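So the protein lines, in turn, are chains A and B. Just so we're aligned, residue -17 is where the first sequence starts under the numbering used here, counting upward by one. Just so we're aligned, residue -17 is where the second sequence starts under the numbering used here, counting upward by one. The structure under discussion appears below in the form of structure tokens.
Protein chains: 2
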Amino acid sequence: MELALLYSGGKDSSLAALLLDTFYDVTLVTAHFGVTDDWAHAKDAAGELGYAFETLELDRDIAEKATARMVEDGYPRGGIQQVHEHALEAVCGLDFDAIADGTRRDDRVPSISRAQAQSLEDRHGVDYLSPLSGFGRGAVDRLVETHLDVETGPSEEIPKADYEGELRALIAAEHGREAVDEVFPDHVQSYVHGRR
Amino acid sequence: MELALLYSGGKDSSLAALLLDTFYDVTLVTAHFGVTDDWAHAKDAAGELGYAFETLELDRDIAEKATARMVEDGYPRGGIQQVHEHALEAVCGLDFDAIADGTRRDDRVPSISRAQAQSLEDRHGVDYLSPLSGFGRGAVDRLVETHLDVETGPSEEIPKADYEGELRALIAAEHGREAVDEVFPDHVQSYVHGRR
């Protein structure tokens, strides 16, 4: 069965790929808005892991709405959730038997409820899988340590291809650098350089 | 890393084993109350799948309390949940790095909340995994069809080693056959004969 996994090049979505390839032919799909070329980092990571890779360009309107919300909220949560939900809908439009993402049990955002999962499945006739949603942070960290070669550091220094990079760039262009720092608190990100 | 998976010989816990053995040395553990020898069915299934197997005898009091509740409720849900929570606590007492069960996203019972999962992990210093909690019913059915050789049928005709068999026997002994039929509505169970 063919499965498309929303992929950022980070540790969670990379670990999800390793878990799912027991059962599925995995293609890593990186969604982007055409704002930066950050998706190329995900392509490199996918190559290191040995998976097929595709990009999926999302409607720029979605990014504009999400960043407006983030600036208004003063935090990124709601905007990230909007973008992720939109990306899941979009990846359902590709021709795969199943779609998946790397959300963990302890993630606050993005988070797809059981009702949202069933709605996606019913409307699009695909299976939606979140293979790490039964794994807590500790288990994920231990598995990543064992199975992946990972670089970690502050968001702005790590080559990564999640939505955040492009949303930061959009906020900087529209509202200035300070707005980016206000919306995104410092946090550590990860980038995968291959398997261990 | 060594992992103990609560195992019934049915399709969900068997599929969970296949998924987890990507990352863990899996031992299948069947909890029982010493009421019947149904656990032997799980041992046979574990052998067919090629996994290590252990039994874990639970306190008979737990079964008595659970069946009393089921008869009072008129349905099995609350009692099954009590037994499953107790079994998870007990398996945490064995010497494994991680414990797991076969609960699916769409299961109503048993169901372990995020808070319960974190509490188990914090109190016992283990990782708790529910690898199928990111998989819906349709995905599980399709994967079982592809990867497992399964016999399905009414509960009373299928050799299975979940808690239900012993709880049925206890209710029959204490309250008669009719009480069993009242508490347990007809439903289809599965028993695994190996991999496909």
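Ideal Cβ positions, reconstructed from N, Cα and C, are used throughout, including at glycine. Since this is a predicted model, take the numbers as computed values, not measurements.
Query raised in the report: chain B beta carbons: is any one of them nearer than 7 Å to that of Phe166(A)?
Result: Not an interface residue.
Requested in this report: Identify every residue that forms a DSSP beta bridge with Ala(-1)(A).
Outcome: For Ala(-1)(A), which the question treats as bridged, DSSP gives no partner whatsoever.
Query raised in the report: Looking at C-alpha atoms only, which residue of Gly75(A), Asp104(A), Leu152(A) is the closest neighbour of Ala(-14)(A)?
Result: When only C-alpha atoms are compared, the closest one is Gly75(A).
Query raised in the report: Listed from N- to C-terminal order along the chain, which residues in the segment 106 to 131 of chain A have their beta-carbon within a distance smaller than 8 Å of any beta-carbon of chain B?
Result: The residues in question are Asp109, Tyr110, Leu111, Ser112, Pro113, Leu114, Ser115, Gly116, Phe117, Gly118, Gly120, Ala121, Arg124, Leu125, Thr128, His129.
Query - Where Gly61(A) sits in the DSSP three-state scheme - result: Residue state for Gly61(A) is assigned as helix, using DSSP reduced to three classes.
Query raised in the report: Thinking C-beta only, is Tyr(-11)(A) closer than 7 Å to Val11(A)?
Result: Going by C-beta atoms, Val11(A) is nearer than 7 Å to Tyr(-11)(A).
Query raised in the report: For Val170(A), which residues of its own chain have a beta-carbon under 7 Å away from its beta-carbon, when the five flanking residues on both sides are left out?
Result: Leaving aside the five residues that flank Val170(A) on each side, the residues in its chain whose CB is nearer than 7 Å to its CB run, in chain order, Thr134, Gly135, Pro136.
Requested in this report: Would you identify the three-state DSSP class for Ser115(B), choosing helix, strand or coil?
Outcome: Three-state DSSP puts Ser115(B) in a helix.
**Report entry** Separation of Thr9(A) from His23(A), as counted between CA atoms
**Finding:** Those two C-alpha atoms are separated by around 16 Å.
Query raised in the report: Ser(-4)(A): which of Ala151(A), Phe78(A), His129(A) sits nearest, CA to CA?
Result: Checking every option, the nearest Cα to that of Ser(-4)(A) belongs to His129(A).
**Report entry** chain A within 7 Å of Leu1(B), Cβ atoms only
**Finding:** So, interface residue.
Query - Rounded C-alpha distance that separates Glu164(A) from Gly158(A) - result: Taking the straight line joining both Cα atoms gives about 10 Å.
Requested in this report: Pair every Cβ in the segment 108 to 116 of chain A with every Cβ in the segment 50 to 66 of chain A, then say whether three or more of these pairs are closer than 8 Å.
Outcome: Of all C-beta pairs linking the segment 108 to 116 of chain A to the segment 50 to 66 of chain A, fewer than three are shorter than 8 Å, placing the two stretches out of contact.
Query raised in the report: Between the segment 91 to 105 of chain A and chain B, which residues of the former have a C-beta closer than 9 Å to a C-beta of the latter?
Result: Per Cβ criterion, the list reads Arg96, Ala99, Gln100, Glu103.
Query - Helix, strand or coil at Asp144(B) [DSSP, three-state] - result: Residue state for Asp144(B) is assigned as coil, using DSSP reduced to three classes.
Report task. Name, please, each residue of chain A whose Cβ falls closer than 7 Å to the Cβ of Thr4(B). Result -> Residues of chain A passing the Cβ test: Leu0, Leu1, Thr4.
Query - Closer than 7 Å to chain B by CB, Arg87(A) - result: The beta carbon of Arg87(A) sits closer than 7 Å to some beta carbon of chain B.
**Report entry** Secondary structure of Ile153(B), DSSP reduced to three states
**Finding:** Residue state, collapsed to three classes: helix.
Report task. Grab me the residues of Phe15(A)'s own chain with a C-beta within less than 6 Å of its C-beta, minus the 5 sequence neighbours each way, in chain order. Result -> Excluding residues within five positions, the ones whose Cβ falls inside 6 Å are Leu40, Arg42, Ala45, Glu148.
**Report entry** Neighbour list for Ala80(A) in chain C, Cβ cutoff strictly below 7 Å
**Finding:** The structure shown contains no chain C; its protein chains are A and B.
Requested in this report: Could you spell out where the alpha helix (DSSP H) holding Ser101(B) opens and where it closes?
Outcome: 96 to 106 is the extent of the alpha helix (DSSP H) around Ser101(B).
Query - Leu2(B) versus Asp(-6)(A): straight-line alpha-carbon distance, rounded - result: Distance between the alpha carbons of Leu2(B) and Asp(-6)(A) is about 16 Å.
Requested in this report: Using only alpha-carbon positions, find the residue among Ala143(A), Arg119(A), Leu102(A), Pro92(A) that is nearest to Asp79(A).
Outcome: Comparing alpha-carbon positions, the option among Ala143(A), Arg119(A), Leu102(A), Pro92(A) lying closest to Asp79(A) turns out to be Leu102(A).
Query raised in the report: DSSP three-state call for His169(B): helix, strand or coil?
Result: The answer is coil: DSSP assigns His169(B) none of H, G, I, E or B.
**Report entry** Straight-line Cα distance separating Met(-17)(B) from Glu30(B)
**Finding:** Met(-17)(B) has its alpha-carbon roughly 22 Å from the corresponding atom of Glu30(B).
Requested in this report: Could you check what DSSP says for Gly(-9)(B) in three-state terms: helix, strand or coil?
Outcome: DSSP places Gly(-9)(B) in the coil class of the three-state scheme, outside both helix and strand.
Query - Counterpart residues of Phe35(A) in DSSP-defined beta bridges - result: DSSP lists Leu10(A) as partners of Phe35(A).
Query - Residue nearest to Ala151(A) in terms of C-alpha spacing, selected from Glu71(A), Glu127(A), Asp19(A) - result: The residue with the shortest Cα to Cα distance from Ala151(A) is Asp19(A).
Query - Selection from Gln63(A), Gly56(A), Leu0(A) that minimises the alpha carbon distance to Pro167(A) - result: Pro167(A) has its Cα closest to that of Gly56(A), out of Gln63(A), Gly56(A), Leu0(A).
Query raised in the report: Under three-state DSSP, which class holds Gly176(B)?
Result: Annotated three-state conformation of Gly176(B) is strand, per DSSP.
Query - Assigned secondary structure, Asp41(B) (DSSP; H/G/I helix, E/B strand, else coil) - result: Here Asp41(B) carries a coil assignment [DSSP, helix/strand/coil].
Query raised in the report: Leaving out five residues before and five after Tyr173(A) in sequence, what residues of the same chain have Cβ atoms less than 6 Å from its Cβ?
Result: So the list reads Gly(-9), Glu133, Ile140, Pro141, Lys142, once near-sequence residues are dropped.
Query - Residues near Trp21(B) by beta carbon distance below 7 Å, same chain, minus five either side - result: For Trp21(B), same chain residues with a beta-carbon under 7 Å away, outside a window of 5 residues either side, are Thr12, His14, Thr37, Ala143 in chain order.
Query raised in the report: Are the beta-carbon atoms belonging to Gly176(B) and Asp131(B) less than 7 Å from one another?
Result: In this structure, Asp131(B) lies closer than 7 Å to Gly176(B) by Cβ.
Query raised in the report: Is the distance from the Cβ of Val65(A) to the Cβ of Tyr145(A) below 7 Å?
Result: In this structure, the beta-carbon distance from Val65(A) to Tyr145(A) falls below 7 Å.
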